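Counting in the numbering used here, the sequence shown runs from 403 upward without gaps.
Read the structure below first, then the notes.
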Amino acid sequence: MSDSEEVYYPRKGKDPVRPDAPPLPKLKGGDLPPVEDGDQYWGGYSGLNDVEGQLGLVQSSQSPSGWIIAQPSLENSTLEPARLFDDEEITLGDLVSGDPLISEPVHLSVLREEYANAENVVFVRKIDWMLASGFSIVRRIRGDGNCFYRASAFAYIAKISSTTDPTLEATQAVSSLNVILESAGFIKFEDEGQVLLKTIVNSLSDSTILTAMLDTEATSDPIVKYLRMLTSATMRLYPEQYIDFLYDPDDDILKPLEDFCLQDVEPMGKEAGEISALAFKHVTDLHAEDHVQITALSHALQINFEIAYLDGHGHTTSGPDVSFVKIPDSAHFEGEPVRLLYRPGHYDILYKEEISGIGLFASS
Numbered sequence: 403m404s405d406s407e408e409v410y411y412p413r414k415g416k417d418p419v420r421p422d423a424p425p426l427p428k429l430k431g432g433d434l435p436p437v438e439d440g441d442q443y444w445g446g447y448s449g450l451n452d453v454e455g456q457l458g459l460v461q462s463s464q465s466p467s468g469w470i471i472a473q474p475s476l477e478n479s480t481l482e483p484a485r486l487f488d489d490e491e492i493t494l495g496d497l498v499s500g501d502p503l504i505s506e507p508v509h510l511s512v513l514r515e516e517y518a519n520a521e522n523v524v525f526v527r528k529i530d531w532m533l534a535s536g537f538s539i540v541r542r543i544r545g546d547g548n549c550f551y552r553a554s555a556f557a558y559i560a561k562i563s564s565t566t567d568p569t570l571e572a573t574q575a576v577s578s579l580n581v582i583l584e585s586a587g588f589i590k591f592e593d594e595g596q597v598l599l600k601t602i603v604n605s606l607s608d609s610t611i612l613t614a615m616l617d618t619e620a621t622s623d624p625i626v627k628y629l630r631m632l633t634s635a636t637m638r639l640y641p642e643q644y645i646d647f648l649y650d651p652d653d654d655i656l657k658p659l660e661d662f663c664l665q666d667v668e669p670m671g672k673e674a675g676e677i678s679a680l681a682f683k684h685v686t687d688l689h690a691e692d693h694v695q696i697t698a699l700s701h702a703l704q705i706n707f708e709i710a711y712l713d714g715h716g717h718t719t720s721g722p723d724v725s726f727v728k729i730p731d732s733a734h735f736e737g738e739p740v741r742l743l744y745r746p747g748h749y750d751i752l753y754k755e756e757i758s759g760i761g762l763f764a765s766s
């Protein structure tokens with residue numbers, strides 16, 4: 403950079419790419435209420451060690467098995483929401499490393515019992531509503547920051563495996579996805595693409611085999627990386643669809659797309675919903691575009707998502723206890739949407755009523 407070049411330092415509330423644009427609006431949330439002091443989102447489990455105690459994991463009188471539920475510690479309760487997520491989730495990922503990457507289907511009552519043991523009445527009430535509405539099965543994903551992409555990988559493979567000619571469909575799909583990567587200037591991810599292709603072919607019509615394969619890091623992680631790069635490539639190819647929604651909650655500005663892709667999309671272990679979930683407090687309506695990574699991957703894979711938001715807020719108005727958001731709800735994407743269950747910082751796969759074969763798509 404020469405001495406004569408001007409360096410632009412963005413002001414808070416300004417878009418660094420377009421400095422003449424008006425400040426980013428700070429408006430009230432849409433379907434999700436704002437975070438309030440004292441909200442109790444989390445339950446706990448027994449047998450805490452020193453590290454877990456520092457994280458604010460609380461001990462209950464009964465010990466739910468298998469999965470840690472975290473509560474923000476009092477020491478960190480004064481941090482900004484983005485800092486709270488950033489500081490705690492990395493360590494939590496280490497703590498849950500013994501959990502399966504992806505589980506066999508379990509009844510939602512298991513999750514209810516964990517919150518009941520932690521005496522979290524809001525979550526229990528909302529899970530009761532989901533059960534009464536027919537949402538009875540979840541497939542749990544390890545909370546390591548890759549949960550959205552790992553759930554999406556299972557969904558995508560399940561979709562292709564249910565077609566009339568899965569082998570041909572898989573070959574054509576991976577070829578088309580590689581074109582997206584190449585068009586965005588990425589080197590060819592042939593190894594990752596081949597892992598995806600082989601996983602599809604080897605798990606045809608058998609969810610048990612697919613679960614076992616995606617529960618192995620050697621198979622699962624390359625596919626997760628492949629989907630992350632596809633998401634980044636899609637955003638880079640169609641920047642106008644995403645640049646207005648890359649909100650950075652720490653600096654109160656819009657992130658440049660390049661920075662967002664390098665820092666929030668491509669790295670393994672970076673939660674897809676972290677920024678967009680926090681950004682709900684700054685937008686008037688809950689649009690699909692607010693979930694930029696989810697929207698971008700949806701367009702790359704040509705699938706719709708339907709996400710159930712399970713949080714610790716009590717509703718003050720009549721209506722369903724759990725909000726469902728469709729992303730992007732495109733009529734051009736064939737088949738049923740992929741249904742996910744979102745809790746603060748985490749995604750699992752959600753099923754309505756009975757599971758049929760390998761399928762995990764929403765039923766009417």
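C-beta: ideal position from N, C-alpha, C; glycine also.
Predicted model, so just to flag it, every value in this text is computed and none were measured.
As assigned by DSSP and simplified to three states, the class of residue i
{"i": "Phe662", "result": "helix"}
{"i": "Arg542", "result": "coil"}
{"i": "Asp593", "result": "helix"}
{"i": "His509", "result": "strand"}
{"i": "Asp654", "result": "coil"}
{"i": "Tyr558", "result": "helix"}
{"i": "Ser678", "result": "The predicted model places Ser678 with a pLDDT of 44, which falls under 50 and marks its position as unreliable; any figure quoted below should be read in that light. The answer is helix: DSSP assigns Ser678 an H, G or I state."}
{"i": "Tyr649", "result": "strand"}
{"i": "Phe726", "result": "strand"}
Residue i - containing beta strand (DSSP E), residue span
{"i": "Ala710", "result": "707-711"}
{"i": "Ile751", "result": "748-753"}
{"i": "Leu742", "result": "740-745"}
Cβ neighbours of residue i in the same chain (closer than 7 Å, five flanking residues each side left out)
{"i": "Leu513", "result": "Ile529, Val540"}
{"i": "Glu584", "result": "Lys590"}
{"i": "Gly716", "result": "Val524"}
Whole-number beta carbon distance between residue j and residue i, since they are thought to touch under 8 Å
{"i": "Phe662", "j": "Leu612", "result": "With 8 Å as the limit, Phe662 and Leu612 do not qualify as a contact, their Cβ atoms being about 31 Å apart."}
{"i": "Ile729", "j": "Ile696", "result": "5 Å"}
{"i": "Asp617", "j": "Leu503", "result": "5 Å"}
{"i": "Glu594", "j": "Pro624", "result": "4 Å"}
{"i": "Leu599", "j": "Ala572", "result": "5 Å"}
{"i": "Asp750", "j": "Ile543", "result": "5 Å"}
{"i": "Leu632", "j": "Leu699", "result": "7 Å"}
{"i": "Tyr551", "j": "Ala635", "result": "Rounded, the Cβ-Cβ distance is 14 Å, inconsistent with contact."}
{"i": "Leu533", "j": "Ser511", "result": "7 Å"}
{"i": "Phe707", "j": "Pro739", "result": "6 Å"}
Start and end residues, alpha helix (DSSP H) containing residue i
{"i": "Phe735", "result": "Premise fails: Phe735 is in no alpha helix (DSSP H) and is neither H nor E."}
{"i": "Phe537", "result": "Neither: Phe537 is in no alpha helix (DSSP H) and is coded neither H nor E."}
{"i": "Met670", "result": "It is not in any alpha helix (DSSP H) - Met670 carries neither H nor E in the DSSP assignment."}
{"i": "Leu703", "result": "694-703"}
{"i": "Ser605", "result": "Looking at the DSSP string, Ser605 is not in any alpha helix (DSSP H), and its letter there is neither H nor E."}
{"i": "Leu626", "result": "Reading off the sequence shown, one finds Val at residue 626, where the question assumed Leu. Its alpha helix (DSSP H) spans residues 619-639."}
{"i": "Ala520", "result": "Neither: Ala520 is in no alpha helix (DSSP H) and is coded neither H nor E."}
{"i": "Thr569", "result": "568-585"}
Contact set for residue i: own chain, Cβ-Cβ below 8 Å, skip 5 residues either direction
{"i": "Ala614", "result": "none"}
{"i": "Gly597", "result": "According to the sequence provided, residue 597 is Val. The question's Gly does not apply to it. Closer than 8 Å at the Cβ level, and outside the excluded window around Val597, lie Thr621, Pro624, Ile625, Tyr628."}
{"i": "Leu639", "result": "Ile582, Ser585, Ala586"}
{"i": "Val508", "result": "Ile539, Val540, Arg541, Arg542"}
Below-9 Å beta-carbon distance, residue i vs any chain D residue
{"i": "His715", "result": "No chain D is present in this structure, which holds just one protein chain."}
Residues near residue i by beta carbon distance below 6 Å, same chain, minus five either side
{"i": "Leu606", "result": "Ser563, Pro568"}
{"i": "Gly536", "result": "Lys754, Glu755"}
{"i": "Ile709", "result": "Val727, Leu742, Tyr744"}
{"i": "Glu736", "result": "none"}
{"i": "Tyr644", "result": "Met637, Val694"}
{"i": "Cys353", "result": "Residue 353 lies beyond the residue range present for the chain, which begins at 403 and ends at 766; the question has no answer from this structure."}
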